[in-house]
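Numbering (the numbering used here), first residue to last: 23 to 248.
Yeah, the Cβ is synthetic: ideal placement off N, Cα and C, and Gly gets one too.
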Amino acid sequence: MAKVSVQNHFNATKNPLAQSPKILTVEEVLNSRKIVDPFKFYDNCLYTEGAAAVILACEEKAREITDKPIWISGVGASTDWVMPGNRPNIYTFESSREAARRAYKMAGIRDPMEELDLAELHDAFSGTEIMAYEDCFFCPEGQGGRLIDDGTVMPEGKLPVNLSGGLIGCGHAVGATGIMQACEIALHLREEAGARQRRNARRGLVQSIGGTLCTWTVCLVLEREE
């Protein structure tokens, strides 16, 4: 989890809109103040103020207003029990898994690791990002930690995650967060992400969650025009 925090704070240093850019070490994260076991201070995002907006349009109108439209090729939404005690476990979020399944099915994605170029995942806490690797089917259950250990989700890895800095690096403006994540993916697909640009990005995933222990999730697959 500390590696996720280190990476997302670092990614934020390349995002001029991020509110918590920092260069940290794993040791600094592990030695920061405990909030609740096992989370330390730097494992948590900070609530903040902010706003985000997108323009939604039909295909005809989109082509009128821009020469670089971004298409929503997949959408998935799902809910779960509000009471965590009604769920079989708290080590996976079924609403996230179902939302991802639906978005992938609509977009025609069979292997997310091979068919996505980047992702913005809901990292309110460092541990929930690792859970999201599994819930979005980047890897089997129980193997999420491997993706941060081997660099798969790093900026130069096979599937970079949270190049914006995520919620940990950007701050969590709650109602604006999901739109902020979509804006980040769109910037990369339009090749307008500046120093943090993912090269040759053509398709990205947005995962936004909310409620008590992920009561609901929405996933979007966004694509550029070839």
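Between the alpha carbons of residue i and residue j, how many angstroms are there, rounded?
i      : j      : result
Ala129 : Gly226 : 11 Å
Ile201 : Gly232 : 13 Å
Ala195 : Glu136 : 31 Å
Tyr155 : Glu120 : 14 Å
Leu185 : Gln219 : 8 Å
Ala208 : Leu140 : 11 Å
Leu189 : Ile87  : 30 Å
Thr70  : Gly179 : 29 Å
Cys67  : Gly173 : 22 Å
Leu211 : Arg85  : 16 Å
Buried or exposed: where does residue i fall if 16 or more other Cβ atoms within 10 Å of its Cβ makes it buried?
i      : result
Gln165 : exposed
Thr199 : buried
Asn30  : buried
Cys80  : exposed
Lys56  : exposed
Gly187 : buried
Asn53  : exposed
Asp157 : buried
Ile45  : exposed
Ala73  : exposed
Lys83  : exposed
Val228 : buried
Ala75  : exposed
Looking at the strands, I want to know which residues DSSP matches up with residue i.
i      : result
His194 : Tyr69
Arg220 : Arg220 pairs with nothing; no bridge assigned.
When you compare the CB positions of residue i and residue j, do they come within less than 8 Å of one another, or not?
i      : j      : result
Pro134 : Phe115 : no
Cys236 : Asp102 : yes
Leu244 : Ile131 : no
Ile170 : Val51  : no
From this set, the options, which residue's C-alpha is nearest residue i's C-alpha?
i      : options                          : result
Asn33  : Val183, Asp171, Arg85 and Ala74  : Val183
His144 : Ala122, Asn222 and Ile131        : Ala122
Ser118 : Cys241, Glu248, Ile94 and Glu213 : Cys241
Ile77  : Pro91, Tyr69, Cys67 and Glu71    : Pro91
Val28  : Asn37, Val48 and Tyr113          : Val48
Arg124 : Trp103, Val97 and Ile112         : Val97
Thr257 : Tyr113, Lys127, Thr174 and Val51 : The chain is shown only over 23 to 248; residue 257 falls outside these bounds and no answer can be derived.
Leu181 : Cys192, Cys161 and Gly191        : Cys161
Glu142 : Glu248, Pro43, Tyr64 and Pro177  : Pro177
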